[in-house]
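S.K.: To start, I am sharing the structure in question, which I have written as structure tokens.
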């Protein structure tokens, strides 16, 4: 596919990196020649220097032949304009990053009246991700499939777990709750396990199950965390605003600590239910006074990654049950692996995930559709949800044990008529099924048939 | 909430109160009042047995913040009042426990409102304790603790802010403990000077001491049924009038004088307003009551005494001002509300708040007429920031709300409106005597239990300047966040 990326910033560069590996023809437009040079040197892409909303530049970048235009500059207006121009020139699909809360309220208008295929708001998406984790605090990360019917939770099983030295095939006998373990991270290694895989202490496991089964499984393991009541958000930026807005519908108490007085006033006007505290969020005395030791969750959302990390470590030291750290720089996320910071969210990864998922879905042949796609275990594996629509697929009606899958591919879940099937050897795949597949990231599964040898 | 620390502070307050209670016990020994021994010994034992364990077990986390400061101060005052009531109750001189509590709260809050119909039948030790509570309450138990405890690693500023009167709290010197010591030093010195003056005026020694205590705390418990009128001495009247006014002045000013910084001391706007209000009131009332008294000197003497007694919220009386003309009575009610200076031992709204209030109102009128004008409030050459200004306005609103609510609850009682309003104002402003049934010659024994509880709360709210008590009873404080 031909993909045109306008703006090589945080989200743009992540997208270039991810999409260029997937064998797309990528053209990058940015006003900064240095950034373009860098992109061309590091990835197999073409670069155009100039304003992405200008007709001549878009023509030069051959926007008329592009399948997808992704406008991710730091200006909302420019992104929308670039998409409109590209659309008129003849681009098939347009994706604009729009982050201002004012524009976000008119998403429907942007999509249907202006013909944008997708409008993505990194801060909103990040807030939504944090919200999901808060709703199920036992998990480090929680992804949902098939409109929430299936969830995949990333959980650290900790020291002295009853799962230590358990083979996956013996899991049901031991716990008496049906779940599928889709991926396991042990130190730097990632496994997509088979039945004879043996779990060890401190493994990070990715569990696929319904919400109810997941809760019961974690209760049986003794790592289930109760619902959170007092949420402390440090840093009152856009993510904090969206998140507090989502939480105001629940009965959680939200405290936001913000260093800018003017912003505090704005927040207190926009969020009447939240408690807004004016002060420096890295001041230990202030945090103590505002009750960090009594908080159930601490969410540092400040602008500087390092401060967020330190704050999370501090909260963990004081036994705050849940911390969710926002980190922009993805290389820091890998470094964090060795430190116990709890959950980590990265706005650019969340955004890139959404866009890549969209691109992947466009690519499928008619037979199967990628409904959902998540990058898991530090981008080392993918979890994909397919909707099977073609009744001529060769895999249909054959028991799974007779199918030859590629190395390290796991069929984690089948949803048929709203019922969840944890697949065993005798199960089959039928038309209309939603199938969740876990694969190593380097496989780039595009359509369902790709999972077969 | 750091409950352990709140209880630790409470422990300190309890055992210090026990030590202070030894003084009236000594008085009881001196006068051989055997029937009151037990009344003091029991509360002392209660205080020590509760206070010492709490004091010894020091929590690891000594961090306290505004919330803990406000609640521990309010709790400390309520607990000491309840235990301080025991001597009256156990010795059976005040048979009802509620009345004993009323009397003690009235003492500690320096109100001076009494439920006793005949003070003169009380034994010396109880009279001493009654007036001594004024003296302790005047400057504050916690400030006293700050002054005497060896070393503080606690953030005591929150405690001081909660207990000390006035809209803005200034430390005298960098060290909290030293500031508290200087305050108490000035306090003790002035009290001793007053005792000497009174003894020189041929007042009996015991009377001089307890009257000085009541004056220093601006409390106003008399030990005679007709208060200071009993001595019928122009000298005593004038000495007391002057000292009442002195105790109604911000103690920081005395510290400035001690440092020989007279210029800054007298540049204080609050002091000027305070003295100005007194002079105008004295003259106006003296003219108003001229017809009652034989000569102008006599009416000036009574006017001076009464005005000083009321504006400093002491509540001594040399004359039954309930018999005075309506204007004088109205002036007295107004003076009650105004009260003394911030940082003094007196009660009321405080002159500085009134000044800020007036300037704020003036500014708002100004900006109505000239919408583009920008104005600020200036007090003693310093700009009052809008946060303090808003705080004062809110304080006034809260104050009125409490006063009105109390009057409404009191209206279920047997008394007329003037009695109720004056009783609420007298208690809320820590004055003591009101008008009519609650007047200088009357007392509060006739009120129902509900009314007494409301008046007790009013006294505490008035002395602690509303917020600690409200915060203590607010569910928001206790909610874990």
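Chains as they are written, first to last, in my numbering: chain A, 155 to 607; chain B, 1049 to 1529. No residue lacks a Cβ here, since even glycine has one placed at the ideal position from N, Cα and C.
1) Could you please tell me which residues of the region 1102-1125 of chain B, in chain order, have their CB closer than 7 angstroms to any CB of chain A?
2) Against chain B, with Cβ distances strictly below 7 angstroms, would residue 442/A count as a contact?
3) Is it right to say residue 1410/B is buried, meaning 16 or more other beta carbons lie within 10 angstroms of its own, or is it exposed?
4) Within the same chain, show all residues whose beta-carbon is closer than 6 angstroms to that of residue 1496/B, passing over the 5 residues directly before and after it, in chain order.
5) With distances taken between CB atoms, is the gap from residue 462/A to residue 475/A smaller than 7 angstroms?
6) Rounding to the nearest angstrom, what Cα-Cα distance links residue 1517/B and residue 1252/B in this structure?
7) Would you list the one or two residues that DSSP bridges to residue 526/A?
8) Would you say the region 369-386 of chain A touches the region 539-551 of chain A, given that touching needs at least three Cβ pairs under 8 angstroms?
9) In whole angstroms, what is the alpha-carbon distance linking residue 1375/B and residue 1321/B?
10) Could you pull the start and end residues of the alpha helix (DSSP H) that residue 1182/B belongs to?
11) Just to confirm the assignment, what range does the beta strand (DSSP E) spanning residue 219/A have?
12) Under 7 angstroms between C-beta atoms, does residue 1052/B make it to chain A?
13) Alpha helix (DSSP H) containing residue 1512/B: first to last residue?
14) Return helix, strand or coil for residue 1611/B, following the three-state DSSP convention.
15) In angstroms, rounded to a whole number, what distance separates the CA positions of residue 1260/B and residue 1478/B?
16) Tell me the rounded alpha-carbon separation between residue 1443/B and residue 1313/B.
17) With contact counted as at least three CB pairs below 8 angstroms, one residue from each stretch, are the region 1257-1273 of chain B and the region 1078-1085 of chain B in contact?
18) Tell me the rounded alpha-carbon separation between residue 1141/B and residue 1212/B.
19) Whole angstroms are fine: how far does the CA of residue 1091/B sit from the CA of residue 1280/B?
20) Quick one: is residue 166/A near chain B, going by C-beta distance under 7 angstroms?
21) Whole angstroms are fine: how far does the CA of residue 1382/B sit from the CA of residue 1471/B?
22) Do residue 1150/B and residue 1504/B have their beta-carbon atoms positioned less than 7 angstroms apart in this structure?
23) Considering Cα atoms alone, identify which of 557/A, 175/A, 446/A, 396/A is closest to residue 595/A.
24) Do residue 501/A and residue 248/A have their CB atoms nearer than 7 angstroms?
25) Report the rounded CA-to-CA distance for residue 450/A versus residue 304/A, giving the unit in angstroms.
26) Leaving out five residues on either side along the sequence, give the residues of the same chain with a beta carbon under 7 angstroms from the beta carbon of residue 436/A.
27) Can you say whether residue 551/A is buried or exposed, counting buried as having 16 or more other CB atoms within 10 angstroms of its CB?
28) DSSP three-state label for residue 273/A, please.
29) Can you check which of these residues, 1269/B, 1519/B, 1379/B, 1152/B, is closest to residue 1362/B by C-alpha distance?
30) Can you give me the start and stop residues for the beta strand (DSSP E) that residue 201/A sits inside?
31) Of the choices 430/A, 269/A, 264/A, whose alpha-carbon is the least far from that of residue 275/A?
32) With which residues is residue 299/A paired in a DSSP beta bridge?
33) Do three or more CB pairs link the region 1295-1314 of chain B to the region 1364-1379 of chain B at distances below 8 angstroms?
M.R.: In short, the structure shows the following:
1) Cβ contacts with chain A come from 1111, 1113.
2) Flagged as an interface residue toward chain B: residue 442/A, by a C-beta distance shorter than 7 angstroms.
3) It is exposed - the Cβ of residue 1410/B has fewer than 16 other Cβ atoms within 10 Å.
4) 1461, listed in sequence order.
5) Cβ atoms of residue 462/A and residue 475/A: not closer than 7 angstroms.
6) Approximately 39 angstroms between the Cα atoms of the pair.
7) Answer is 539/A, bridged to residue 526/A.
8) Result no; under three Cβ-Cβ pairs closer than 8 angstroms.
9) Rounded to whole angstroms, residue 1375/B to residue 1321/B spans 21 angstroms at the Cα level.
10) For residue 1182/B, the enclosing alpha helix (DSSP H) starts and ends at 1172-1187.
11) DSSP places residue 219/A outside any beta strand (DSSP E), giving it a letter other than H or E.
12) No, residue 1052/B does not count as interfacial toward chain A.
13) It is not in any alpha helix (DSSP H) - residue 1512/B carries neither H nor E in the DSSP assignment.
14) Residue 1611/B is absent from the model: chain B starts at 1049 and stops at 1529.
15) Answer to the nearest angstrom: the Cα atoms are 17 angstroms apart.
16) About 27 angstroms.
17) Segments in contact, no.
18) Those two C-alpha atoms are separated by around 32 angstroms.
19) Their Cα atoms are separated by approximately 37 angstroms.
20) By this cut-off, residue 166/A is not an interface position.
21) Distance between the alpha carbons of residue 1471/B and residue 1382/B is about 13 angstroms.
22) Cβ distance < 7 angstroms, so residue 1504/B and residue 1150/B count as in contact.
23) Relative to residue 595/A, the option among 557/A, 175/A, 446/A, 396/A whose CA is nearest is 175/A.
24) At least 7 angstroms separates the beta-carbon of residue 501/A from that of residue 248/A.
25) So the two alpha carbons sit approximately 26 angstroms from each other.
26) Answer for residue 436/A: 461, 465, listed in chain order.
27) With fewer than 16 Cβ atoms within 10 Å of its Cβ, residue 551/A is classed as exposed.
28) Here residue 273/A sits in strand by DSSP.
29) The option with the nearest alpha carbon to residue 1362/B is 1269/B.
30) 200-203 is the span of the beta strand (DSSP E), which, as asked, contains residue 201/A.
31) Taking residue 275/A as reference, the option from 430/A, 269/A, 264/A with the minimal CA-CA separation is 264/A.
32) Its beta-bridge partners are 304/A.
33) In this structure the region 1295-1314 of chain B does not lie against the region 1364-1379 of chain B, because fewer than three pairs of beta carbons, one per stretch, are closer than 8 angstroms.
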